[in-house]
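Chains as they are written, first to last, in our numbering: chain A, 312 to 425; chain B, 312 to 425.
Glycine is no exception: its CB is placed at the ideal position from the N, C-alpha and C atoms.
2 protein chains.
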Amino acid sequence: MAIATKEHKPKFITPEPCCNLEIDGLEQERLVTMFKALGNPTRFEIMKYLVTHPGCITGDIVEYLPIAQATVSQHLKVLRDAGLIEGIIDGPATNYCLHNENITWFRKKVGHIF
Amino acid sequence: MAIATKEHKPKFITPEPCCNLEIDGLEQERLVTMFKALGNPTRFEIMKYLVTHPGCITGDIVEYLPIAQATVSQHLKVLRDAGLIEGIIDGPATNYCLHNENITWFRKKVGHIF
DNA sequence: ATATAATATCGTAAAATTACGATAAAGGTA
DNA sequence: TACCTTTATCGTAATTTTACGATATTATAT
């Protein structure tokens, strides 16, 4: 018996990494904030709505979603603070659309690190 | 005066969309869950650590981070439930590594919709 | 000036997240 | 068996998030 000693840790063939996650500092903070903003079902729905309704006003989104106006406004603020959308004041209303430039940044960063 | 009537909404030149966000149902849920998991600074750090320390055990991460063991274990659970990492039990310890397949799915989905 | 419309903000309640110490569970060792 | 190691889970406190109604703000219309 005992043909070979029991190796106690071959178990791990280091896998070639599937991503590098090479990011840090303020860029990492910014990206994590964007992930967090996107990591809520309601906010993600707002993002989707804005793709097909660019320039729509807050009221349109309020009509579309089953939640109160104040709540929608709050979610819009989170998305704005994360830089994912832009609100352009037009009279008493506000036109919202995706923040093209920042979303391009997001796409590139995610592409680099994942 | 009044050379032209005041147009009350030219203001919006519909921008060509910078992304399509074409996703829904369970795939959307899954993706949003991943965004949420990544949207926390500590968890993002754990992901980064796993890139450079594949197969490390919980204790290694606990040493690396300035938070309690219970908290690390909780964060690992969130990442596991989101499918971002994998825990392989090895004796009394658990080896953690990124979930290659699911992260590849994540990369592709994000690439498609953003 | 007053009224109306649209939206942001305030105050607050409920729920979820984050963090910790203590304990339990599971595996290895003497 | 008893002990040690490692990690997950439990119970709980503090913080944050989510949601709402009410109110303030800003611009337009009368």
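For residue 407/B, the closest alpha carbon among the candidates 418/B, 424/B, 417/B and 391/B is that of 391/B. Residue pairing by DSSP places residue 397/A opposite 408/A in a beta bridge. The three-state secondary structure of residue 368/A, taken from DSSP, is strand.
A Cβ-Cβ separation of about 7 Å places residue 425/A in contact with residue 417/B under the 8 Å criterion. Take the alpha-carbon of residue 327/A and the one of residue 387/A: they are about 40 Å apart. DSSP places residue 352/B within a helical segment (H, G or I) once states are collapsed to three. For the pair residue 383/A and residue 420/A, the Cα-to-Cα distance works out to about 28 Å. In the three-state scheme derived from DSSP, where H, G and I count as helix and E and B as strand, residue 422/A is classed as helix. Secondary structure of residue 392/A (DSSP, three-state): helix. DSSP, reduced to helix, strand and coil, places residue 414/B within a helical segment of the structure shown. Only those residues of the stretch 340 to 353 of chain A whose C-beta falls short of 9 Å from the nearest C-beta of chain B are listed: 340, 342, 343, 344, 345, 346, 347, 348, 349, 350, 351 and 352.
When the alpha-carbon of residue 353/B is set against those of 339/A, 351/A, 330/A and 358/A, the nearest one is in 339/A.
About 7 Å separates the Cβ atoms of residue 362/A and residue 330/B, confirming a contact at the 8 Å cut-off. For residue 422/A, the nearest CB of chain B lies under 8 Å from its own CB, placing it at the interface with that chain. Secondary structure of residue 376/B (DSSP, three-state): coil. Contact annotation: in the stretch 390 to 414 of chain A, residues whose CB is within less than 7 Å of a CB in chain B are 401, 406, 408, 409, 411 and 414.
Taking 8 Å as the CB threshold, residue 328/A lines the interface with chain B. Taking the C-beta atoms as reference points, residue 348/B is found no nearer than 8 Å to residue 409/B. Rounded to whole angstroms, the gap between the alpha carbons of residue 415/A and residue 342/A is 12 Å. Residue 359/B has a beta carbon lying within less than 8 Å of a beta carbon in chain A.
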